[in-house]
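Encoded as structure tokens, the structure appears first; notes follow it.
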Amino acid sequence: MDEPRGVIIALAQLRSGPDPQRNLGLLRQTVAEATRQGAQLVVAPEGTMANLAVDPRTIAESLDGPFASGVRQLARECGVVVVVGMFTTGSGGRARNTVLVTDGMGLDEHYDKIHLFDALGARESARIEPGERLVTVEVAGATIGLATCYDVRFADQFTALGRAGAEIICLPASWADGDAKLKQWRLLARSRAMDAQAVLVAVDQPLTTGKGALGVGHSMVVGPLGEVLAEAGDDPELLVVDVDLGQVARTRASVPVLAHRPVRGRRDEAAN
Numbered sequence: 001m002d003e004p005r006g007v008i009i010a011l012a013q014l015r016s017g018p019d020p021q022r023n024l025g026l027l028r029q030t031v032a033e034a035t036r037q038g039a040q041l042v043v044a045p046e047g048t049m050a051n052l053a054v055d056p057r058t059i060a061e062s063l064d065g066p067f068a069s070g071v072r073q074l075a076r077e078c079g080v081v082v083v084v085g086m087f088t089t090g091s092g093g094r095a096r097n098t099v100l101v102t103d104g105m106g107l108d109e110h111y112d113k114i115h116l117f118d119a120l121g122a123r124e125s126a127r128i129e130p131g132e133r134l135v136t137v138e139v140a141g142a143t144i145g146l147a148t149c150y151d152v153r154f155a156d157q158f159t160a161l162g163r164a165g166a167e168i169i170c171l172p173a174s175w176a177d178g179d180a181k182l183k184q185w186r187l188l189a190r191s192r193a194m195d196a197q198a199v200l201v202a203v204d205q206p207l208t209t210g211k212g213a214l215g216v217g218h219s220m221v222v223g224p225l226g227e228v229l230a231e232a233g234d235d236p237e238l239l240v241v242d243v244d245l246g247q248v249a250r251t252r253a254s255v256p257v258l259a260h261r262p263v264r265g266r267r268d269e270a271a272n
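Numbering (the UniProt record's numbering), first residue to last: 1 to 272.
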């Protein structure tokens, strides 16, 4: 029998502002508390460096800039892996919407958001250059996949991450409130966990309403069968969850959809 495998994950549902250094201080407090509660992996929202009300081109920095360097130092001091949303310099005058993953001691990877939010009157692509690659990384003996906010609407990305071996997918988000948006957030998170047959860790900004809304809250951990294992409320919150990775292996063994590739281009031979 395989030995039990688990990872203690902290979902840092924090409300970032426009100032990267103040946000780094808020992240420091949150990660320190998560460490006290035994977390091995701390996941913060999209736009933790600066919220999405800020033009990312004005604050974007390199991956060895002050914000990223501060996150590395924080992770090293606390002895945890930190997953955090920031903005990095792109090309053509645009920034990149980046998720940094680091333990400050050698683990250092990043993912640039692939699917940009050109919807509901917004044009993220005017400010953000899209990423080109899927990313997985080894953390605490588990394979972690990365995605960001609007990516959650694209099932193929999550299926691909599952086929790449991701057992946990971290999804930092700034999911703006609006008509039925919370219902969509919950439904999409559950669906993408099932597509990947993985544990989905979806971490949003807390609820803000009205013009310039930046989040609905309700960060959650969803199991590979689509069951919500833990869910935060509307307000800033630190949610610490001990995740059993055995459920991923059991699900993939009993319902091996990732191994069952679809038949493409098949014609109905009965039709004339």
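The C-beta atom is built at its ideal place from N, Cα and C for all residues, glycine as well. Just so it is clear, the structure is predicted and the values come from calculations on it, not from any experiment.
Across the structure, Ala180 and Met105 are spaced so that their CA atoms are roughly 42 Å apart.
Across the structure, Asp55 and Ala95 are spaced so that their CA atoms are roughly 9 Å apart.
Contact between Gln13 and Val216 does not hold, since the beta-carbon distance rounds to 10 Å and is not under 8 Å.
Counting C-beta pairs with one atom in each stretch, the stretch 72-79 and the stretch 43-61 have fewer than three that are closer than 8 Å, which means they do not touch. Annotated as proximal: Ala147 and Leu171, with beta-carbon spacing under 8 Å.
In this chain, the beta strand (DSSP E) harbouring Ala202 covers 199-203.
For Cys78, the enclosing alpha helix (DSSP H) covers residues 66-78. A distance of 8 Å or more separates the beta carbons of Asp177 and Thr136.
A straight-line Cα-Cα distance of about 13 Å links Phe87 and Glu124. For Lys183, the number of other beta carbons within 10 angstroms of its own is below 16, and it is reported as exposed. Non-local C-beta neighbours of Gly233 in its own chain, meaning closer than 8 Å and more than five positions away in sequence, comprise Gly217, His218, ordered along the chain. The C-alpha of Leu27 is placed about 21 Å away from the C-alpha of Leu200. The continuous alpha helix (DSSP H) containing Gln247 extends over residues 246-254.
Contact check for Leu100 against Ala68 passes: the beta carbons are separated by less than 8 Å. Beta-bridge annotation (DSSP): Ile9 is paired with Leu41, Val241. In chain order, Asp195 place their CB closer than 6 Å to the CB of Ala155, counting only its own chain and leaving out the 5 sequence neighbours on each side. Annotation note: the stretch 165-242 contains the following uninterrupted beta strand (DSSP E) runs of length 3 or greater, listed N- to C-terminal: 168-172, 199-203, 220-222, 228-231.
Apart from sequence neighbours up to five positions away, the residues of its chain that approach Phe158 with a beta-carbon distance below 6 Å are Arg192, Asp195, Ala196, ordered along the chain. Residue range 142-146 is occupied by the beta strand (DSSP E) that includes Ala142. Checking the DSSP bridge columns, you'll see Ala60 has no partner listed.
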